[in-house]
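Residues in the sequence shown are numbered from 396 upward in steps of one, following our numbering.
Every residue, glycine too, gets a C-beta built ideally from N, C-alpha and C.
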Amino acid sequence: MKLGSMPRGISWPLVSLIALGVAGCSDGGGGDAGSAESASSAAGGPGGAGAVGASASAGTGAGGGDGVTTGAGAGPGSSTTAGSTSSTSGGGGGDPSATSTGATTSTGTGSEPVSCDYPAEYANGSITFYTLDMGSTEVNCSYPIVGRNPDVVGHVPFGGGQYFAAMNTADYNAAAMCGACVEVSRDDGRKVQAMVVDQCPIATNPKCKTGHIDLSKNAFLKIGEEREGYLGTTNGGAAGKISWRYIPCPTTGAVSFRLKEPTNVAWNQILVEGHAHPIEKLEVEINGTWKTATREPYNYFVVGDGNMGNAPYHVRATDINGSTVEAMLELKAGNQPASGQFAACN
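Below you can see the structure in the form of structure tokens.
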């Protein structure tokens, strides 16, 4: 929560705890998978006071190593903003229900398909699992948590919003893969699809090396058993060969935008949600010139010092394939959709 003594637009750090599941991203050794639950922290979303928790086994990870770790701090702003809760509480891709005046799109649904410019498949990957009740107050990509037990994250189009993932630091790529969808395969033929909503930091979690994904527990259980804990024999896991690849998200609704501080006329940041492909770039038109925004590790974009002039704000998002959508954003809370989705790719 932003402190009353802090001027608008000044950052206040948050450490958002991500507690990893059985044999999850702890620094435990190669002991019995599933022997303990460890606590881990990823770079948090925009927020104030975060939780610092201990593991369920008093800091002991699989194999007896210390299980309590911390990650990078969070970015500026309040832990929740008005209108941050998605209208979807499971399934359907979390498409927003709010409307925006003057929304436009330059490339969207109905456009000719383009080539999918995704990173290469990982033939030698690995997976663990975590649950939000292990300490996560929010997810690193700043999407809304809309349910617990079972865990549901807004805009996730798989498993009624329950199949999501925390990506290792290298592949998270400073939030570049937020909202990306992945298909994870096991060598026995089982597969699961999930959306990236979080980060699993290698700096404090040795298992979160390149190629590793920390799945939500319900997603993990589609291709593994809880007792197995850490899968991916070619990337450190005790059982099961794991591979995974990026895929288009099956999202049919419009791309949407959300302002971080919907009543602040002097400073703001913009979140892009509900996109079928990862976001490459966000621009804001200021005084007739398109200005490229900087992406924060918690997935909000900011132009310069955050002052974008007077609303409405003309914004343009470009996906990893080069397709674009545009919208006019009012200074108000909630999701404001563009008039379409990014072009399909193949």
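Using the rule of at least 16 other Cβ atoms within 10 Å of the residue's Cβ for burial, across every protein chain shown, is Gly470 buried or exposed?
Caution is warranted here: a pLDDT of 34 is assigned to Gly470, below 50, making its placement in the model unreliable, and the coordinate value is therefore given only provisionally. That one is buried.
When DSSP labels each residue in this structure, what does Leu726 get in the three-state scheme?
The DSSP-derived three-state label of Leu726 is coil.
Please name the residue or residues paired with Phe696 in a DSSP beta bridge.
Beta-bridge partners of Phe696 (DSSP): Ile665, Arg690.
Taking Asp512 as part of the alpha helix (DSSP H), name the residues at either end of that continuous run.
Judged by DSSP secondary structure, Asp512 falls outside any alpha helix (DSSP H); it is assigned neither H nor E.
Within the segment 528-579, note down every full alpha helix (DSSP H) run reaching 4 residues or more, in order along the chain.
With a minimum length of 4 residues, the continuous alpha helix (DSSP H) runs that stay inside the segment 528-579 are 564-567.
Can we say the segment 638-651 touches the segment 677-696, given the rule of at least three CB pairs closer than 8 Å?
Judged by Cβ distances under 8 Å, the segment 638-651 makes no contact with the segment 677-696, as fewer than three pairs qualify.
Give a yes or no on whether the C-beta atoms belonging to Asn659 and Cys536 are separated by under 8 Å.
Inclusion of Asn659 and Cys536 in the CB contact set at 8 Å is not warranted, their separation being larger than that value.
Take the Cβ of Ala661 as the centre, count every other Cβ of all protein chains shown within 10 Å, and call the residue buried at 16 or more, exposed below.
Taking all protein chains shown into account, Ala661 has fewer than 16 neighbouring C-beta atoms within 10 Å of its C-beta and is therefore exposed.
Would you check if the segment 521-537 and the segment 627-637 touch, i.e. whether three or more CB-CB distances between them fall below 8 Å?
Short answer: they touch.
What do you reckon, are the CB atoms on Asp546 and Thr532 nearer than 8 Å?
Taking 8 Å as the cut-off, the beta carbon of Asp546 is found no closer than this to the beta carbon of Thr532.
Closest to Gly683 by CA distance: which of His670, Met703, Gln664, Arg690 is it?
When each option's Cα is compared against that of Gly683, the closest is Met703.
At what residues does the alpha helix (DSSP H) containing Lys676 begin and finish?
Judged by DSSP secondary structure, Lys676 falls outside any alpha helix (DSSP H) and instead within the beta strand (DSSP E) spanning 674-681.
Cβ-Cβ separation, Pro508 to Ala738 (assumed contact under 8 Å), whole Å
Taking the Cβ atoms as the reference, Ala738 lies roughly 6 Å from Pro508, within the contact range of under 8 Å.
Beta-carbon spacing of Gln664, Gly699 below 8 Å
No, Cβ-Cβ distance for Gln664 and Gly699 is not below 8 Å.
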